[in-house]
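My numbering puts the first residue of the sequence shown at 82, with every later residue one more than the last. By construction, the Cβ of each residue, glycine as well, lies at the ideal position given by its N, Cα and C atoms.
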Amino acid sequence: MAGPYNTLSRPYYAAHLKRTFQTTNGILVFIDPGHGGQDPGALGRYSRESDNVLKVAKRVKELLIHYGFTVMMAREADKWVTLESRSDLANRYRSVIFLSLHNNSAKASTATGFETFIYSGPVGSETVRLQNALHSAIAPQLPIVDRGKKRANFSVLRRTVAPACLIEYAFINNASDEKLLMNEVELLAQTTVNGVLQFFGVAKKVEASTSKSKEVDEMAKQLTPTQQKDAKKLFAHAYRQGVFSADHSKTVDKMTVGQVAMLTMQYVARSTTK
């Protein structure tokens, strides 16, 4: 089939987006972990792009399923899938949105930051809205530069029928960014899911799938502004100690109380194992 596809020209797709989503049942989210197999993608000192994004993709899938979404992935193992096959599979199964997950890279090891892409050609308003939702959910929570919302003629963006957004979480060849990509899988996955929920107008669940996360929700409700100030001091200390690879103290003001509680528990767990 000839592109560009991403123009909301399919009747079935337009029907999906014209309705108000009262339930997530029947909403197919397609996740494309970039590269794989003989193509490792960009390389860092300690990790490969294909491995990093697969970990995030699997966690995103778990979280979305918890919310009732149907999720399909271009790959669930370290194998190569052609660019055409990725978008064709999403089109065949009539995905409602398409997320392509990547790690960035540049010649200079000082390059840093988060950015998102949509197709540079004609796209529907829902594609722009998807990028806005994902970008606004992820960028403020990452302790790196926001490089902005961009457009490019990437194959998976051009060929996919549904609104498609490519996410470049951080630069794998930057030492600090690579630590974020390797060690903060939960943060990357959860913020990505938050963007999906925002796009569909789905409220975050208070209850979680495990008793541990339920305890975090309860503790989050009890946190006060004073405790948030204490959290800033704690996270700065954790960063200096090397317990956290990112300095979360810089973004506490933008966090929900639940996120503060979750990071506090992670700090305790990691400190115990050191």
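Nearest-angstrom Cβ-Cβ length linking residue i and residue j, presumed shorter than 8 Å
i, j, result
"residue 198", "residue 247", "4 Å"
"residue 195", "residue 228", "6 Å"
"residue 156", "residue 114", "6 Å"
"residue 189", "residue 241", "No, residue 189 and residue 241 are not in contact; Cβ-Cβ is about 31 Å, not under 8 Å."
"residue 109", "residue 175", "7 Å"
"residue 258", "residue 193", "5 Å"
"residue 105", "residue 283", "6 Å"
"residue 185", "residue 233", "That belief does not hold up - the Cβ atoms of residue 185 and residue 233 are roughly 12 Å apart, past 8 Å."
Rounded separation between residue i and residue j - CA only
i, j, result
"residue 169", "residue 249", "22 Å"
"residue 183", "residue 315", "31 Å"
"residue 154", "residue 346", "30 Å"
"residue 38", "residue 206", "The first residue shown for the chain is 82 and the last is 355, placing residue 38 beyond what the model contains."
"residue 200", "residue 352", "43 Å"
"residue 312", "residue 320", "12 Å"
"residue 317", "residue 270", "23 Å"
"residue 134", "residue 164", "16 Å"
"residue 256", "residue 330", "19 Å"
"residue 208", "residue 245", "6 Å"
"residue 322", "residue 272", "25 Å"
"residue 335", "residue 213", "17 Å"
"residue 144", "residue 158", "18 Å"
"residue 88", "residue 236", "Confidence is the limiting factor: at residue 88 the pLDDT is only 45, short of 50, which leaves the residue's position unreliable, though a coordinate-based value still follows. Rounded to whole angstroms, residue 88 to residue 236 spans 14 Å at the Cα level."
"residue 187", "residue 126", "13 Å"
"residue 338", "residue 344", "10 Å"
"residue 306", "residue 215", "27 Å"
"residue 297", "residue 150", "Below a pLDDT of 50, predicted positions are generally treated as unreliable, and residue 297, at 47, falls in that range; the measurement from the model is reported next regardless. Cα to Cα, residue 297 sits roughly 23 Å from residue 150."
"residue 230", "residue 238", "14 Å"
"residue 341", "residue 146", "24 Å"
"residue 325", "residue 260", "9 Å"
"residue 118", "residue 162", "8 Å"
"residue 120", "residue 310", "45 Å"
"residue 286", "residue 226", "29 Å"
"residue 107", "residue 332", "35 Å"
Sub-8 Å separation of residue i and residue j beta-carbons
i, j, result
"residue 177", "residue 243", "yes"
"residue 160", "residue 152", "no"
"residue 128", "residue 116", "no"
"residue 327", "residue 203", "no"
"residue 264", "residue 218", "no"
"residue 123", "residue 253", "yes"
"residue 222", "residue 268", "yes"
"residue 148", "residue 278", "yes"
"residue 112", "residue 180", "yes"
CB contact below 8 Å: residue i versus chain C
i, result
"residue 348", "Although the question refers to chain C, the structure presented lacks it and comprises just one protein chain."
Whole beta strand (DSSP E) runs in the segment 183-209 with 3 or more residues, listed along the chain?
-> 195-200
Please list the segments of the alpha helix (DSSP H) lying wholly inside the segment 241-281, counting only runs of 4 or more residues, in order along the chain.
-> 256-264, 266-281
May I have a chain-ordered list of the alpha helix (DSSP H) segments no shorter than 4 residues that lie completely inside the segment 110-187?
-> 130-147, 164-173
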